[in-house]
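S.K.:
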Amino acid sequence: MQKIKIFLFVLIPVFFIIGLLIGTQLIPQKIQNIERIQSNINLENTKEMTLLGVTSEGRGMPVKMTVEVKPGNGLVLVNIDNVLADYLTQLSARTAAKVASNITRISLSNMDVIYNIKANAEVVAGPSAGAAMTIATIAAIQNKDIDHNVLVTGGVDENGIITQVGNIKEKARAAKDINATTFIIPQAAYNVGYEKTKSCKILDNLEYCQIQFLPKEEDLSKALEINTLPIKTVEEAAKIVLK
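Each residue of the sequence shown is one higher than the last, beginning at 39 in our numbering.
1) Let me know if S237 comes out buried or exposed under the rule of 16 or more other beta-carbons within 10 Å of its beta-carbon.
2) Just the Cα atoms here: how many angstroms apart are N148 and G112?
3) Can you give the beta carbon distance from V101 to L89, rounded, assuming they're within the 8 Å contact cut?
4) Provide the residue span of the alpha helix (DSSP H) that contains V137, from first to last.
5) What is the rounded straight-line gap between the Cα of I200 and the Cα of K239?
6) Once DSSP output is grouped into helix, strand and coil, what is the label at Q250?
7) Among residues of its own chain, excluding the 5 on either side of F45, which ones have a beta-carbon nearer than 7 Å to its beta-carbon?
8) Give the single residue among D215, N205 and S94 whose Cα lies nearest to the Cα of V188.
9) At which residues does the beta strand (DSSP E) containing T84 begin and terminate?
10) Do the CB positions of V194 and T235 come within less than 8 Å of each other?
11) Please classify R74 as buried or exposed, where buried requires at least 16 other C-beta atoms within 10 Å of its C-beta.
12) Considering only DSSP beta bridges, list what T191 is partnered with.
13) Would I287 and A138 qualify as a contact pair, given that the criterion is a beta-carbon distance under 8 Å?
14) Name the DSSP beta bridge partners of L282, please?
15) Between which two residues does the alpha helix (DSSP H) carrying I206 extend?
16) Relative to the C-alpha of A157, which residue among E196, N140 and V116 is closest?
17) State the DSSP-derived secondary structure class of V272, mapped to helix, strand or coil.
If you want it as structure tokens, here you go:
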């Protein structure tokens, strides 16, 4: 019994010392992380980017958007022609700001992010501008330049994945019309049309033929007549768009 007491008496201080050593290694790292986030707390910047929308007639249309990041209370607002945007667009903007914060590792809790879009509300309603809004926000936070020859369409989820949207062909045409050189779209399986195929075989001296319409295997850039890059994440897209 006496030996057990002596063993415990020696062992407890050893664990205490080990705990102190581990603590002294972890605490400085935590402080450095906090300082890295707070060092950008007073940033103020504005960036402009071109979005791609679609009119009610189904025509692709380029739309100018500015994102302003400034000291505030963590608000995220979207104004479309000075009118507060619909719920889905507001939700898309909040997701864009959150993803931009995660990618840059800069907290926006003491910053306001304001998106101003110069277009009819129906042209940009919903989530289709989410990826572009995220990239523009990253540019504002990190003060990076935007390559205006590269346009982006696609939503964004909270994991930073570029989500699918419609009217890719119409938006590609709009991008081409304003002389964009590259068009970034969500990574997905795209149908660029159908190809008629005919196969025949002889059975009992009779020829039987079957006609099928199969999805065409064609390069997207060729089909859309603009250099087209299917990209999975907004972080990957940002590396292409931002300079």
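Glycine is no exception: its CB is placed at the ideal position from the N, C-alpha and C atoms.
M.R.: Let me spell this out:
1) Locating residue 237 in the sequence shown gives position 199, counting from the first residue. Flag for S237 reads exposed.
2) Residue numbering aside, residue 148 sits at position 110 when the sequence shown is read from its first letter. Residue numbering aside, residue 112 sits at position 74 when the sequence shown is read from its first letter. Answer to the nearest angstrom: the Cα atoms are 5 Å apart.
3) The residue labelled residue 101 in the question sits at position 63 within the sequence shown. The residue labelled residue 89 in the question sits at position 51 within the sequence shown. 4 Å between Cβ atoms; contact.
4) Looking up residue 137 in the sequence shown gives position 99. First-last of the alpha helix (DSSP H) with V137: Y125 to T142.
5) In the sequence shown, the residue the question calls residue 200 occupies position 162. In the sequence shown, the residue the question calls residue 239 occupies position 201. Taking the straight line from one Cα to the other gives about 45 Å.
6) As a position in the sequence shown, residue 250 is number 212, starting the count at 1. Strand, per DSSP.
7) Locating residue 45 in the sequence shown gives position 7, counting from the first residue. Low local confidence applies: a pLDDT of 45 at F45 is under 50, so the model's placement there is unreliable, with the coordinate-based value given in what follows. So the list is empty, once near-sequence residues are dropped.
8) Residue mapping note: residue 188 aligns to position 150 of the sequence shown, counting from 1. With distances taken between Cα atoms, V188 lies closest to D215.
9) Here residue 84 refers to the residue found at position 46 of the sequence shown. Residues N83 to V92.
10) Taking the sequence shown and counting its residues from 1, one reaches residue 194 at position 156. Taking the sequence shown and counting its residues from 1, one reaches residue 235 at position 197. For V194 and T235, no; Cβs fall outside 8 Å.
11) Locating residue 74 in the sequence shown gives position 36, counting from the first residue. With a pLDDT of only 42 at R74, under the threshold of 50, the placement of this residue in the model should not be trusted; the figure read from the coordinates follows. With fewer than 16 Cβ atoms within 10 Å of its Cβ, R74 is classed as exposed.
12) Start at 1 with the first residue of the sequence shown, and residue 191 comes out as number 153. In DSSP, T191 forms no bridge with anything.
13) The requested residue 287 does not occur in the structure, where the chain is confined to residues 39 to 281.
14) This structure leaves residue 282 out entirely; the chain is present only between 39 and 281.
15) Position 168 of the sequence shown, counting from 1, holds the residue named residue 206. Where I206 is concerned, the enclosing alpha helix (DSSP H) stretches over I206 to D215.
16) Here residue 157 refers to the residue found at position 119 of the sequence shown. Answer by Cα proximity: V116.
17) As a position in the sequence shown, residue 272 is number 234, starting the count at 1. Correct three-state label for V272: helix.
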